[in-house]
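Inspection log for the structure reproduced underneath, given as structure tokens.
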Amino acid sequence: MGLPLRKSKTYPSITSVRVGENTVTAVMSDGREVSIPVAWFPRLANATKKQLKNFEISPSGYGIHWPDIDEDISVKAFLD
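Residue numbers are given in the working numbering: position 53 of the sequence shown equals residue 80, and the series is strictly consecutive.
Shown next as structure tokens:
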């Protein structure tokens, strides 16, 4: 008898991002707005305001990248 098959979880994509003083807020393709603390990510917590504002949403919409500090956050960090 094998293990039961699990359905893979599907995630909405990130459509826009706001970086505040203490939070990163992602707007999802399903309409949700989800915030996570900057403090969870030491590179973000130690970054300058200019570095925090320089981010890119991945072409697929499943991640955010800060090139100045080499930090990446996936959509999973917001939803899991």
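For every residue, glycine included, the Cβ atom is placed at its ideal position computed from N, Cα and C.
If you measure between the beta carbons of residue i and residue j, is that distance less than 8 Å?
i, j, result
"E98", "L71", "yes"
"S101", "G90", "yes"
"H92", "F82", "yes"
Nearest by alpha-carbon distance to residue i: which of the options is it?
i, options, result
"P94", "I84, V102, K103", "I84"
"V65", "D57, A74, G58, R59", "A74"
"K58", "L79, I96, P39", "The question names Lys, but residue 58 in the sequence shown is Gly. Checked all of L79, I96, P39; the closest Cα to G58 is P39."
"F68", "V51, D107, K36, T37", "V51"
Determine the extent of the beta strand (DSSP E) in which residue i is found, giving its start and end residues.
i, result
"M99", "Per the sequence presented here, residue 99 reads as Asp, with Met not at that position. Here the beta strand (DSSP E) through D99 covers 98-101."
"G15", "No statement about residue 15 is possible, as the shown extent of the chain runs from 28 to 107 and does not include it."
Got a sec? Which residues, its chain only, sit under 6 Å from residue i by beta carbon, not counting five neighbours each side?
i, result
"A53", "I41, V44, V61, F105"
Looking at the unbroken alpha helix (DSSP H) that takes in residue i, where does it start and where does it end?
i, result
"K77", "76-80"
Who are the near neighbours of residue i in its chain, counting only those whose CB is closer than 7 Å to its CB and skipping five residues on each side?
i, result
"Q16", "Nothing about residue 16 can be read from this structure; the chain reaches only from 28 to 107."
"K80", "V46"
Flag residue i as yes when its Cβ comes closer than 7 Å to any non-hydrogen atom of the ligand PLP, and as no otherwise.
i, result
"T37", "Looking for the ligand PLP in the displayed structure turns up nothing, as the structure carries no ligands at all."
In chain order, what are the residue ranges of uninterrupted beta strand (DSSP E) at least 3 long that sit wholly in the segment 38-70? Listed in chain order, they are 41-46, 50-55, 60-64.
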